Amino acid sequence: GAVVSQHPSRVICKSGTSVKIECRSLDFQATTMFWYRQFPKQSLMLMATSNEGSKATYEQGVEKDKFLINHASLTLSTLTVTSAHPEDSSFYICRANPDRVGSNQPQHFGDGTRLSIL
Amino acid sequence: EDQVTQSPEALRLQEGESSSLNCSYTVSGLRGLFWYRQDPGKGPEFLFTLYSAGEEKEKERLKATLTKKESFLHITAPKPEDSATYLCAVRAAGNKLTFGGGTRVLVKP
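Listed in order, the protein sequences are those of chains A and B. All residue numbers for the first sequence refer to the working numbering, where the first residue is 1 and numbers rise by one. All residue numbers for the second sequence refer to the working numbering, where the first residue is 119 and numbers rise by one.
This is the structure:
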């Protein structure tokens, strides 16, 4: 079945460090990918919609200069948390939307990245 | 604004004790209601899609139903391996998903 690979699965780093998270669709192309953030015991909150070849669309309240998104190919989107601080510690999850016709189920999620900023 | 509310927040069940999870929603132009299972430290695993009131879907011990205002996820005779957080999400125009807060289910043997 369609697989989304997210890397790394866990990151622990010092405050002020920039961290890059990758989201790859392994066996399908995805013009559109989504980035979510999940705090403990809370649900997924959409941060931004990533579009291949164009600028990402950010949700209200999400700082675009803080969370840089690059979608340079049809199978890869990256989220870079710049100058991370402890309040950025969270679980980040991506979702890829297959381009193929008839694929309308929002079911292709990565396994998440646990980011811990010390 | 689309809203999704799940209840209860947490549910402790004995093995074999059937129960139901609720997902109430307000959305203009529903284009699908989705149920997911999420294990700790993992991304959501897709379970069901429901599109219209009266629709039902089943998979093993799980059954999802939909009305115009809410959806239920029924767990029949649960086993410990059914322990997880169950998420509900709705999709309106624009392909954007809005998630509920989830229900954490613990099934004790």
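Just so you know, even glycine gets a beta-carbon here, dropped at the ideal spot from N, CA and C. Nothing here was measured: the structure is a model prediction, and the numbers come from that model.
| Closest Cβ-Cβ distance between A/F39 and chain B: below 8 angstroms? | Start at 1 with the first residue of the first sequence, and residue 39 of chain A comes out as number 39. With a threshold of 8 angstroms between beta carbons, A/F39 makes no contact with chain B.
| Interface positions of the segment 42-61 of chain A facing chain B (Cβ-Cβ less than 7 angstroms), listed along the chain | Residues of the segment 42-61 of chain A with a Cβ closer than 7 angstroms to any Cβ of chain B, in chain order: Q42, S43, L44, L46.
| field | Selection of the segment 162-183 of chain B by Cβ proximity to chain A, strictly under 7 angstroms | value | Listed in sequence order: P162, F164, T167.
| If you draw a straight line from the alpha carbon of B/S146 to that of A/C13, how long is it in whole angstroms? | Indexing the second sequence from 1 puts residue 146 of chain B at position 28. Indexing the first sequence from 1 puts residue 13 of chain A at position 13. Each residue's alpha carbon lies about 42 angstroms from the other.
| task | Can you pull the chain A residues whose beta carbon is under 9 angstroms from the beta carbon of B/R209, in chain order? | result | Counting from 1 along the second sequence, the entry for residue 209 of chain B is found at position 91. Those are P106, listed as they occur along chain A.
| query | Where A/L46 and A/T57 are concerned, what is the direct C-alpha to C-alpha distance, given to the nearest angstrom? | reply | Taking the first sequence and counting its residues from 1, one reaches residue 46 of chain A at position 46. Taking the first sequence and counting its residues from 1, one reaches residue 57 of chain A at position 57. Straight-line Cα distance between these residues: approximately 11 angstroms.
| Just checking, does the segment 29-48 of chain A make contact with the segment 62-77 of chain A on the three C-beta pairs under 8 angstroms criterion? | With a cut-off of 8 angstroms, the segment 62-77 of chain A and the segment 29-48 of chain A count as touching, because enough Cβ pairs lie within range.
| task | Per DSSP, which residues does A/R114 bridge with? Please list them. | result | Mapped onto the first sequence, residue 114 of chain A falls at position 114. Paired residues: A/R10, A/F91.
| query | What is the rounded straight-line gap between the Cα of B/A207 and the Cα of A/R100? | reply | Position 89 of the second sequence, counted from the start, is the residue given in the question as residue 207 of chain B. Position 100 of the first sequence, counted from the start, is the residue given in the question as residue 100 of chain A. CA-CA distance, B/A207 to A/R100, rounds to 22 angstroms.
| said: Taking 8 angstroms as the threshold (beta carbon to beta carbon), is A/I21 in contact with chain B? | reply: As a working mapping, residue 21 of chain A is identified with position 21 in the first sequence. Answer no: the Cβ-Cβ gap between A/I21 and chain B never drops below 8 angstroms.
| query | Is it right to say B/T216 is buried, meaning 16 or more other beta carbons lie within 10 angstroms of its own, or is it exposed? | reply | Numbered from its first residue, the second sequence carries residue 216 of chain B at position 98. Counting Cβ neighbours within 10 Å, B/T216 comes out buried, since at least 16 surround it.
| Considering A/F34, what are the terminal residues of the beta strand (DSSP E) in which it resides? | Reading the first sequence from its first residue, position 34 is the one you call residue 34 of chain A. In the DSSP annotation of this structure, the continuous segment of the beta strand (DSSP E) that includes A/F34 starts and ends at 32-38.
| With a cut-off of 8 angstroms, does the C-beta of A/I69 fall near any C-beta of chain B? | If you number the first sequence from 1, residue 69 of chain A lands on position 69. For A/I69, the closest Cβ of chain B is not nearer than 8 angstroms.
| said: Less than 8 angstroms between the C-beta atoms of A/F109 and A/V11, yes or no? | reply: The residue given as residue 109 of chain A occupies position 109 in the first sequence. The residue given as residue 11 of chain A occupies position 11 in the first sequence. In this structure, A/V11 does not lie closer than 8 angstroms to A/F109 by Cβ.
| Which two residues bound the contiguous beta strand (DSSP E) that contains A/H71? | Along the first sequence, one-based indexing puts residue 71 of chain A at 71. Looking at the DSSP string, the run of the beta strand (DSSP E) that includes A/H71 is 67-73.
| request: Assign A/E22 to one of three DSSP states: helix, strand, or coil. | output: Locating residue 22 of chain A in the first sequence gives position 22, where the first residue counts as 1. Assigned with DSSP and collapsed to three states, A/E22 falls in strand.
| said: Between the alpha carbons of B/S136 and B/K197, how many angstroms are there, rounded? | reply: Walking along the second sequence from the start, residue 136 of chain B turns up at place 18. Walking along the second sequence from the start, residue 197 of chain B turns up at place 79. Near 10 angstroms, if we compare the C-alpha coordinates of B/K197 and B/S136.
| B/L184 and B/L168: beta carbons closer than 8 angstroms? | Looking up residue 184 of chain B in the second sequence gives position 66. Looking up residue 168 of chain B in the second sequence gives position 50. With contacts defined by Cβ atoms closer than 8 angstroms, B/L184 and B/L168 form a contacting pair.
| task | Measuring only between beta-carbons, confirm whether B/F190 sits less than 8 angstroms from chain A. | result | Here residue 190 of chain B corresponds to residue number 72 of the second sequence, with the count starting at 1. It does not; no Cβ of chain A falls within 8 angstroms.
| Own chain residues within Cβ distance below 6 angstroms of A/S25, not counting five before or after | Residue numbering aside, residue 25 of chain A sits at position 25 when the first sequence is read from its first letter. For A/S25, the CB contacts under 6 angstroms within the same chain, skipping 5 residues up- and downstream, are V4, T75, A96 in chain order.
| Do A/T80 and A/S18 have their C-beta atoms within less than 8 angstroms of each other? | By one-based count along the first sequence, residue 80 of chain A stands at place 80. By one-based count along the first sequence, residue 18 of chain A stands at place 18. Inclusion of A/T80 and A/S18 in the CB contact set at 8 angstroms is warranted, their separation being smaller than that value.
| request: Provide the residue(s) that pair with B/R179 in DSSP beta bridges, ordered along the chain. | output: In the second sequence, counting from the first residue as 1, residue 179 of chain B sits at position 61. DSSP, once it has assigned bridges, lists no residue as partnering B/R179.
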